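A.B. asks: After the structure tokens below, expect a handful of questions from me.
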Amino acid sequence: MAVKRKRLYRQEGVTEQMSKYKGIIFDLDGTLLNTIEDIGDSMNGVLETFNLPIYSYEEYKKKIGGGFRKLTLNSFPEKIDEETIDKALDMLYKNYDRRYLNKTRPYESIDNLLNSLVEEGIKLGVNSNKKDEYTKSLIEKFFKTIPFVKVYGERNGIPNKPDPATALEIAQLMNLNPEEVLFIGDSNTDIVTAKNAHMDSVGVLWGFRNREELCKYGASYIVSNCEEILYIVEGGKGTF
Ligand SMILES: O=C(O)COP(=O)(O)O
Numbered sequence: 000m001a002v003k004r005k006r007l008y009r010q011e012g013v014t015e016q017m018s019k020y021k022g023i024i025f026d027l028d029g030t031l032l033n034t035i036e037d038i039g040d041s042m043n044g045v046l047e048t049f050n051l052p053i054y055s056y057e058e059y060k061k062k063i064g065g066g067f068r069k070l071t072l073n074s075f076p077e078k079i080d081e082e083t084i085d086k087a088l089d090m091l092y093k094n095y096d097r098r099y100l101n102k103t104r105p106y107e108s109i110d111n112l113l114n115s116l117v118e119e120g121i122k123l124g125v126n127s128n129k130k131d132e133y134t135k136s137l138i139e140k141f142f143k144t145i146p147f148v149k150v151y152g153e154r155n156g157i158p159n160k161p162d163p164a165t166a167l168e169i170a171q172l173m174n175l176n177p178e179e180v181l182f183i184g185d186s187n188t189d190i191v192t193a194k195n196a197h198m199d200s201v202g203v204l205w206g207f208r209n210r211e212e213l214c215k216y217g218a219s220y221i222v223s224n225c226e227e228i229l230y231i232v233e234g235g236k237g238t239f
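The sequence shown runs 0 to 239 under numbering that gives the first Met the number 0.
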């Protein structure tokens, strides 16, 4: 068990019994994994083919979060027709397929966090707007030993976040009521998803967006490191 966790666990008045959270649903991009460079490189490859200006990784942080179709729309300087969207999206997936494991890595201490949560008996799930096959493949690659109850990315016929359908489905698979589940993400999409699902939310500051956005959309907690997530789960109060 991580030393840091023990220190937090001892804080006055904080006991495991006080926590109402028995499950956590994580967003993927910008929360568990830093995927910005592989996504940015893939989208820039598409823009170059269309002879359009490319973007920096910082700029991409504001464009990602609604799935690749939305990323495509957000990246073209002008409104494009359906045929062009489909063509660009097809190219984006081809690029991403070659690149998605190049530079993508978990954020600091995520491994420790997930292992500590498993030790505490917290049920875990993933709800991403990234295509289901990439979501599952990345989780398998980086978190092979973590027994997620369910990992879901973008699926045909199921609306993307902020629709709560997938979050609620995962809560059901955990056999938990939404109030017992914490939704953790880095963007307004995640915070709104949690609200729509009647779950409390944690906004993380190491991802693609900032405190201002997470506050504005009403995150229940805002954290700047993984220790604070354990503190919340153990019944403390977040830094918000
Ligand atoms: O591909 C995206 O839009 C990112 O998806 P996520 O932030 O829901 O993991």
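Note that the Cβ used here is the ideal one computed from N, Cα and C, for glycine as well. Quick caveat, the model's predicted, so the values are computed rather than measured.
Can you say whether E178 is buried or exposed, counting buried as having 16 or more other CB atoms within 10 angstroms of its CB?
C.D. replies: That one is exposed.
A.B. asks: For L172 versus A196, is the C-beta spacing smaller than 7 Å?
C.D. replies: Not closer than 7 Å, so no.
A.B. asks: With a 10 Å radius around its C-beta and 16 neighbouring C-beta atoms as the bar for buried, classify K140 as buried or exposed.
C.D. replies: Exposed, since its Cβ has fewer than 16 Cβ neighbours within 10 Å.
A.B. asks: What is the rounded straight-line gap between the Cα of K62 and the Cα of I231?
C.D. replies: In a straight line, the C-alpha of K62 is about 29 Å away from that of I231.
A.B. asks: Can you tell me whether G217 is buried or exposed? The criterion is at least 16 other CB atoms within 10 Å of its CB, across all chains shown.
C.D. replies: Exposed, since its Cβ has fewer than 16 Cβ neighbours within 10 Å.
A.B. asks: If you draw a straight line from the C-alpha of E233 to the C-alpha of L123, how long is it?
C.D. replies: Going by the C-alpha atoms only, they are around 15 Å apart.
A.B. asks: Using the rule of at least 16 other Cβ atoms within 10 Å of the residue's Cβ for burial, across every protein chain shown, is P146 buried or exposed?
C.D. replies: With fewer than 16 Cβ atoms within 10 Å of its Cβ, P146 is classed as exposed.
A.B. asks: Is it the case that the CB of N128 approaches a heavy atom of ligand 2 more closely than 6 Å?
C.D. replies: Absent from the structure shown: ligand 2. Ligands present: ligand 1.
A.B. asks: Quick one: what's got a C-beta closer than 6 Å to W205's C-beta in the same chain, skipping five residues either side?
C.D. replies: So the qualifying residues of the chain are Y106.
A.B. asks: Compare the C-alpha of S136 against each of G120, T103 and S115 and name the closest.
C.D. replies: Minimum Cα distance to S136 is reached at T103.
A.B. asks: Just mark K160 as buried or exposed, buried being the case when its beta carbon has 16 or more other beta carbons within 10 Å.
C.D. replies: When all chains shown are included, K160 counts as buried.
A.B. asks: Going straight from the alpha carbon of I169 to that of I24, what length do you get?
C.D. replies: Near 8 Å, if we compare the C-alpha coordinates of I24 and I169.
A.B. asks: Which residues in the same chain have their Cβ closer than 7 Å to the Cβ of K65, if we skip the five residues on either side of it in sequence?
C.D. replies: The sequence shown places Gly at residue 65, not Lys. The residues are N128, N159 and T188.
A.B. asks: Around the Cβ of K215, are there at least 16 other Cβ atoms within 10 angstroms (buried) or fewer (exposed)?
C.D. replies: So K215 counts as exposed.
A.B. asks: Evaluate P76 with the Cβ neighbour count: other Cβ atoms within 10 Å of its Cβ, from every protein chain shown; 16 or more gives buried, anything less gives exposed.
C.D. replies: Exposed.
A.B. asks: Compare the Cα-Cα distances from V45 to each of R208, L32 and I84 and report the closest residue.
C.D. replies: Selected option, being the one with the closest Cα: I84.
A.B. asks: Touch check for the stretch 31-41 and the stretch 89-97: three-plus C-beta pairs under 8 Å?
C.D. replies: Touching, per the Cβ criterion.
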